[in-house]
Amino acid sequence: MNRPGFDDIYMELAQNLAQKSHCVKIKVGAVLTRDTRIISLGYNGPPAGTHNCDEEWPERGCARDRKGGCSLAIHAEENAILYAAKNNSQIEGATLYVTLSPCLACARVIFTTGIKKVIYLKSYAEYKGIESDEGVDFLRQFKVEVVQYQTPANK
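Structure below.
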């Protein structure tokens, strides 16, 4: 019997968390771990107590900012990090599992909080139709380990 590894378990959890998102554009989930224990979870969406985009604007989602991004959304990795910080969890040295590679802004937060490793499922650059994964490039430049998750069938 093959037992799943922690990477497989946490990435599956991140994928399931993504389904909680109220975003109509893309659903993203994140799991923040330390020493094989979950310290925080997150998914993308508006701040608690504001609008749920899929309920308020089901056809088009929330208004776009000047760069074309969601004006209300907090990214999944931001939500996981913010919740951990709010609860005084030790973030430094943690591993982040996320279903979409971090954007540049999230990469800055990841680096600043001392997360040591990021495992992502899909490419943000491919989703956005841009040349490179700027967030991944940033993290690697500053020695944060970043790897694309390989499904058990592709290992």
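Just so you know, the sequence shown maps onto residues -6 to 148 in this note's numbering.
All residues carry an ideal CB built from backbone N, CA and C; glycine is no exception.
Please state if the CB of residue j and the CB of residue i are separated by a distance shorter than 8 Å.
i: A118; j: N72; result: no
i: I32; j: S94; result: no
i: I74; j: V102; result: yes
i: P39; j: A77; result: no
i: A87; j: K115; result: no
i: Q12; j: K18; result: no
i: T92; j: Q8; result: yes
Are there 16 or more other CB atoms within 10 angstroms of the CB of residue i, so buried, or fewer, so exposed?
i: E70; result: buried
i: V129; result: buried
i: D126; result: buried
i: G122; result: exposed
i: G42; result: exposed
i: N150; result: Within the shown structure, residues of the chain are numbered from -6 to 148, placing residue 150 beyond reach of any answer.
i: T155; result: This structure gives no information on residue 155, because the portion of the chain shown stretches from -6 to 148.
Do you know how far the Cα of residue j is from the Cα of residue i?
i: T106; j: L10; result: 22 Å
i: L97; j: F131; result: 7 Å
i: H68; j: N(-5); result: 33 Å
i: P(-3); j: V140; result: 18 Å
i: V137; j: K79; result: 23 Å
i: Y90; j: I112; result: 5 Å
i: R30; j: H15; result: 27 Å
i: F228; j: E124; result: Residue 228 lies beyond the range of the chain shown here (-6 to 148); nothing can be said about it.
In the DSSP assignment, the beta strand (DSSP E) including residue i goes from what residue to what residue?
i: G35; result: R30 to Y36
i: R27; result: G22 to R27
i: T92; result: T88 to L93
Starting from residue i, trace the alpha helix (DSSP H) in both directions and tell me its first and last residue.
i: Q141; result: No alpha helix (DSSP H) holds Q141; the beta strand (DSSP E) holding it covers E138 to Q141.
i: K109; result: No alpha helix (DSSP H) holds K109; DSSP gives it neither H nor E.
i: V129; result: E127 to Q134
i: A7; result: F(-1) to A11
Check whether the Cβ of residue i sits closer than 7 Å to any heavy atom of the ligand SAM, and report yes or no.
i: V24; result: Absence of the ligand SAM is noted for the structure shown, with no ligands found whatsoever.
Answer with yes or no whether the minimum CB distance from residue i to chain B is below 8 Å.
i: S116; result: Protein chains in the displayed structure number just one, and chain B is not present.
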